[in-house]
Amino acid sequence: MRIAGWGGTTRQDCRVSHPRSEAEVAARIAEGHAIARGAGRAYGDAAQSALNTVDMGRFDRMISFDAETGLLVAEAGVRLADVIAAFLPRGWFPAVTPGTKHVSVGGMVAADVHGKNHHRDGSFGAFVEFIDLMGPDGAVRRLTRGDNDEMFGWTLGGMGLTGVILRVGFRLRPVESGWIRQKSIVAGSLAEAMAAFEANAGATYSVAWIDCLARGVAMGRSILMLGEHASAAELPAERRAAPFGVPARRRLTVPFHAPGFALNGLTVRAFNHLYYAQGVKKAGESLVDWDSYFYPLDAIHGWNKIYGRRGFVQFQCAFPLATAEAGLAALLTEISRAGQGSFLAVLKRFGPQASRISFPMEGYTLALDFPLHARTTALLERLDRITLAEGGRFYLAKDARMTPHTLRKADKRMAEFIAMRERTGLAEAFSSTQSERLAL
Amino acid sequence: MTKGAVLILGGRSDIGRAIARAFAAEGHPVWLAARNADGLEPDRADLELRYRVEAKCFEFDVLATHRLEGFADALPGLPEVVVSVVGYMGDQQVSETDPEAAARVMRSNFEGPAAALALFANRFEARGSGVIVGISSVAGERGRATNYVYGSAKAGFTAFLSGLRNRLAKKGVHVLTVLPGFVATAMTEGMDLPEKLTAQPEEVGRAVLRAVKSKRNVIYVKPVWCLVMAVIRNIPEAIFKGMKL
Numbered sequence: 093m094r095i096a097g098w099g100g101t102t103r104q105d106c107r108v109s110h111p112r113s114e115a116e117v118a119a120r121i122a123e124g125h126a127i128a129r130g131a132g133r134a135y136g137d138a139a140q141s142a143l144n145t146v147d148m149g150r151f152d153r154m155i156s157f158d159a160e161t162g163l164l165v166a167e168a169g170v171r172l173a174d175v176i177a178a179f180l181p182r183g184w185f186p187a188v189t190p191g192t193k194h195v196s197v198g199g200m201v202a203a204d205v206h207g208k209n210h211h212r213d214g215s216f217g218a219f220v221e222f223i224d225l226m227g228p229d230g231a232v233r234r235l236t237r238g239d240n241d242e243m244f245g246w247t248l249g250g251m252g253l254t255g256v257i258l259r260v261g262f263r264l265r266p267v268e269s270g271w272i273r274q275k276s277i278v279a280g281s282l283a284e285a286m287a288a289f290e291a292n293a294g295a296t297y298s299v300a301w302i303d304c305l306a307r308g309v310a311m312g313r314s315i316l317m318l319g320e321h322a323s324a325a326e327l328p329a330e331r332r333a334a335p336f337g338v339p340a341r342r343r344l345t346v347p348f349h350a351p352g353f354a355l356n357g358l359t360v361r362a363f364n365h366l367y368y369a370q371g372v373k374k375a376g377e378s379l380v381d382w383d384s385y386f387y388p389l390d391a392i393h394g395w396n397k398i399y400g401r402r403g404f405v406q407f408q409c410a411f412p413l414a415t416a417e418a419g420l421a422a423l424l425t426e427i428s429r430a431g432q433g434s435f436l437a438v439l440k441r442f443g444p445q446a447s448r449i450s451f452p453m454e455g456y457t458l459a460l461d462f463p464l465h466a467r468t469t470a471l472l473e474r475l476d477r478i479t480l481a482e483g484g485r486f487y488l489a490k491d492a493r494m495t496p497h498t499l500r501k502a503d504k505r506m507a508e509f510i511a512m513r514e515r516t517g518l519a520e521a522f523s524s525t526q527s528e529r530l531a532l
Numbered sequence: 014m015t016k017g018a019v020l021i022l023g024g025r026s027d028i029g030r031a032i033a034r035a036f037a038a039e040g041h042p043v044w045l046a047a048r049n050a051d052g053l054e055p056d057r058a059d060l061e062l063r064y065r066v067e068a069k070c071f072e073f074d075v076l077a078t079h080r081l082e083g084f085a086d087a088l089p090g091l092p093e094v095v096v097s098v099v100g101y102m103g104d105q106q107v108s109e110t111d112p113e114a115a116a117r118v119m120r121s122n123f124e125g126p127a128a129a130l131a132l133f134a135n136r137f138e139a140r141g142s143g144v145i146v147g148i149s150s151v152a153g154e155r156g157r158a159t160n161y162v163y164g165s166a167k168a169g170f171t172a173f174l175s176g177l178r179n180r181l182a183k184k185g186v187h188v189l190t191v192l193p194g195f196v197a198t199a200m201t202e203g204m205d206l207p208e209k210l211t212a213q214p215e216e217v218g219r220a221v222l223r224a225v226k227s228k229r230n231v232i233y234v235k236p237v238w239c240l241v242m243a244v245i246r247n248i249p250e251a252i253f254k255g256m257k258l
């Protein structure tokens with residue numbers, strides 16, 4: 093079966109099974125080289141294994157919910173969209189959500205995803221109480237934060253390489269409505285954008301769209317978007333009766349792969365220019381429904397196809413606070429010089445993160461996407477080198493192309509991860525196309 | 014207003030689960046019936062947690078026709094909708110040489126489901142309302158060398174549903190025949206199915222719900238199957254018999 097990551101660049105013929113019981117999962121694991129696949133929303137080759145891809149889509153049941161603590165126990169294949177559909181009407185929302193609701197709970201653990209509230213609340217892992225993990229011998233263990241062998245920590249952000257996640261217990265947050273009070277701030281440069289993030293550290297949500305083609309003094313100009321869950325009292329009178337009901341969004345579908353020339357320097361430049369101009373015009377406060385605020389791209393079904401049949405690659409790195417400004421400036425300079433801007437360049441302040449192997453670190457993260465062609469590959473390699481020089485690291489959920497050398501240089505923790513996998517028999521039982529490429 | 018219960022015979026199957034979810038999402042209580050009903054507990058709990066409807070499980074074996082009355086009597090009441098998702102493909106080659114195996118395929122796909130729906134049909138008729146849904150198969154539209162034992166049983170089931178519909182049309186009871194085409198389920202796992210012709214179980218669930226609401230008689234889940242089957246049905250037998258399908 094031909095499968096790929098969301099970026100569409102890693103298409104590969106894989107043997108895919110769809111187990112329906114724990115015994116079936118154990119039998120697949122016994123064959124070796126197994127990797128669990130959830131919703132297939134990792135951008136690269138993290139959730140595919142030529143020999144043994146284990147699709148967890150049939151493990152899609154919610155098990156229990158505690159309305160006192162907000163603890164939801166769900167099987168790994170449950171989609172975040174289903175969690176929202178079931179619990180937002182009862183006044184609960186995911187405590188951490190990535191930029192799409194079409195992810196699986198297992199995938200959220202494996203990538204230890206972050207959201208627009210990372211600076212305040214940390215990554216998804218901060219809200220995970222336990223993980224039921226099936227190990228190389230088929231035995232199921234309930235992992236918790238205090239585990240002696242740190243398997244809980246290795247599994248959060250471990251990209252599925254510690255075992256097959258079966259169930260997760262994680263906390264939701266109480267909300268009074270399905271609406272977000274959004275405030276947009278225009279920042280004319282990178283320094284202004286960073287200052288705005290620091291000045292708004294108290295905001296629940298913050299994220300900036302950054303014009304990665306602006307040069308000179310305007311380099312790094314951004315629209316910073318802050319958000320707060322609106323209380324019932326903050327809603328206009330006509331919405332107060334049904335605070336969780338939001339208008340149905342018009343869904344658009346990208347029906348086919350766009351031709352390669354549709355996205356070029358000119359269209360990207362025009363888009364970035366217009367987007368910035370719109371942002372300047374609309375700056376200020378507004379009330380936005382949860383779906384449009386958190387998941388703008390979900391409204392365009394199959395948006396990944398706008399990059400054409402060859403697909404696109406993502407680049408996301410994080411810098412520590414000390415070197416963030418220098419690192420980001422160097423990346424933006426390189427990108428604008430190459431003239432290969434990205435439609436969706438996103439800048440975000442990360443807060444403190446204490447975890448074994450997860451991606452975030454206190455500092456700044458920049459996420460970019462590029463249609464795949466030869467020039468992009470060369471540009472990305474230059475971006476890798478800049479990131480390394482400024483002490484940054486890379487997000488494996490986005491990666492489709494890094495070398496093992498780059499990863500190991502960027503992330504000293506990987507050597508320990510590899511040794512742990514060797515020592516515990518995980519290396520033979522669990523591997524993905526990504527882990528093989530990165531020699532994990 | 015409380016909505017009527019939906020009984021799903023074969024509630025463990027991927028299609029059965031998907032239909033249960035589609036109706037539960039609309040606020041219908043759902044009753045799942047299958048063998049080893051204890052194993053359905055996670056699905057039952059999921060339905061209640063997700064959709065805040067009442068969900069129950071019942072032990073049911075489609076081949077045990079002598080226990081059918083008892084099964085129906087033990088239900089909390091007469092459901093508003095009964096759906097038969099029961100089916101068993103078997104192995105065509107084994108069915109060709111082993112009459113016991115062939116009988117099992119025929120009984121699982123025709124005799125058992127027909128007997129069960131006949132019982133509910135009579136009770137629905139007496140009440141003057143109800144909806145009967147039979148998940149049959151495009152395999153029943155024309156016998157093919159690769160699965161004619163299964164196909165012939167489904168053909169029988171399709172004809173049975175058609176007759177039931179005819180009989181009950183003026184009695185307030187509606188009968189829906191579903192011919193899903195290829196569906197990505199446990200039954201078809203490992204088969205190399207063409208993507209454009211293959212439905213996900215969730216699509217079947219939504220299609221059945223829509224069809225029940227709009228009182229459709231016969232549906233294919235993916236509209237393209239209507240065309241595919243029109244072509245297959247119309248190939249002259251003299252040509253058809255020489256084809257590899």
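Order-wise, the sequence lines are chains A and B.
Read in order, the letters of the first sequence are residues 93 to 532 in the numbering used here.
Read in order, the letters of the second sequence are residues 14 to 258 in the numbering used here.
The C-beta atom is built at its ideal place from N, Cα and C for all residues, glycine as well.
{"query": "Met200(B) burial status per 10 Å Cβ neighbour count (16 or more: buried)", "result": "exposed"}
{"query": "Anticipated Cβ contact below 8 angstroms, Phe71(B) with Trp44(B), distance rounded", "result": "6 angstroms"}
{"query": "Same chain, Cβ closer than 7 angstroms to Ala129(B), neighbours up to 5 away in sequence not counted", "result": "Leu22, Val75, Leu81 and Ser97"}
{"query": "Selection from Glu473(A), Ser450(A) and Thr525(A) that minimises the alpha carbon distance to Lys504(A)", "result": "Ser450(A)"}
{"query": "Straight-line Cα distance separating Leu480(A) from Leu413(A)", "result": "15 angstroms"}
{"query": "Interface positions of the stretch 43-65 of chain B facing chain A (Cβ-Cβ less than 8 angstroms), listed along the chain", "result": "Pro55, Asp56, Ala58, Asp59, Leu62, Arg63 and Tyr64"}
{"query": "CB of Leu436(A) within 8 angstroms of CB of Thr192(A), strictly", "result": "no"}
{"query": "CB of Pro264(B) within 8 angstroms of CB of Val99(B), strictly", "result": "For residue 264(B) there is no data in the structure shown, the boundaries of chain B being 14 and 258."}
{"query": "Beta strand (DSSP E) segments (min. 3 residues) lying fully within the stretch 228-280 of chain A", "result": "232-235, 256-266 and 271-279"}
{"query": "Local Cβ density within 10 Å of Glu377(A), reported as buried at 16 or more and exposed below that", "result": "exposed"}
{"query": "Range covered by the beta strand (DSSP E) that runs through Pro463(A)", "result": "Gly455 to Pro463"}
{"query": "Residue range of the unbroken beta strand (DSSP E) whose run includes Met226(A)", "result": "Val220 to Met226"}
{"query": "Assumed close pair Leu439(A), Ala300(A) - CB separation to whole angstroms, cut-off 8 angstroms", "result": "4 angstroms"}
{"query": "Minimum C-alpha distance to Gly238(A) - residue among Lys208(A), Val220(A), Phe363(A) and His497(A)", "result": "Val220(A)"}
{"query": "Reference Asp476(A), options His110(A), Ala173(A) and Ala422(A), closest by Cα", "result": "Ala422(A)"}
{"query": "Buried or exposed by the 16-neighbour rule on C-beta atoms within 10 Å, applied to Gln408(A)", "result": "buried"}
{"query": "Inside the stretch 366-421 of chain A only - beta strand (DSSP E) runs reaching at least 3 residues", "result": "376-381 and 404-412"}
{"query": "Sequence-distant residues of the same chain with beta carbon closer than 7 angstroms to Ser259(B), five excluded per side", "result": "Because chain B spans 14 through 258 in this model, residue 259(B) falls outside it and cannot be assessed."}
{"query": "Three-way DSSP call (helix, strand, coil) for His110(A) in this model", "result": "coil"}
{"query": "His125(A) - containing alpha helix (DSSP H), residue span", "result": "From DSSP, His125(A) is part of no alpha helix (DSSP H); its letter is neither H nor E."}
{"query": "DSSP state of Trp98(A) mapped onto helix, strand, coil", "result": "coil"}
{"query": "C-beta atoms of Arg155(B) and Ile245(B) nearer than 8 angstroms", "result": "yes"}
{"query": "Opening and closing residue of the beta strand (DSSP E) in which Phe71(B) lies", "result": "Ala68 to Glu72"}
{"query": "Extent of the continuous beta strand (DSSP E) to which Glu167(A) belongs", "result": "Leu163 to Glu167"}
{"query": "Neighbour list for Met317(A) in chain B, Cβ cutoff strictly below 8 angstroms", "result": "Chain B residues near Met317(A): none, gap ~32 angstroms exceeds 8 angstroms."}
{"query": "Cβ neighbours of Gly255(A) in the same chain (closer than 6 angstroms, five flanking residues each side left out)", "result": "Leu225, Met226 and Gly227"}
{"query": "Own chain partners of Cys106(A) with C-beta closer than 7 angstroms, once the 5 adjacent residues on each side are dropped", "result": "Met93, Ile95, Gln140, Ser141, Ala142 and Thr145"}
{"query": "Within 8 angstroms, strictly: CB atoms of Leu499(A) and Tyr456(A)", "result": "no"}
{"query": "Closer than 8 angstroms to chain B by CB, Ala571(A)", "result": "It is not possible to answer for residue 571(A), since the shown part of chain A is limited to 93 through 532."}
{"query": "Residues of its chain near Asp27(B), where Cβ-Cβ distance is below 7 angstroms and the 5 sequence neighbours each way are ignored", "result": "Thr198, Ala199 and Pro214"}
{"query": "Residues near Arg140(B) in its chain [Cβ-Cβ closer than 7 angstroms; skip 5 each side]", "result": "Leu91"}
{"query": "Buried/exposed call for Glu123(A), threshold 16 Cβ in 10 Å", "result": "exposed"}
{"query": "CB contact below 8 angstroms: Ala172(B) versus chain A", "result": "no"}
{"query": "Cβ-Cβ distance between Leu264(A) and Phe179(A) below 8 angstroms", "result": "yes"}
{"query": "Simplified DSSP state of Tyr161(B), which is helix, strand or coil", "result": "helix"}
{"query": "Cβ shell of Gly533(A) (< 7 angstroms), same chain only, five flanking positions each side left out", "result": "Residue numbering for chain A in the displayed model covers 93 to 532; residue 533(A) lies beyond these limits and cannot be assessed."}
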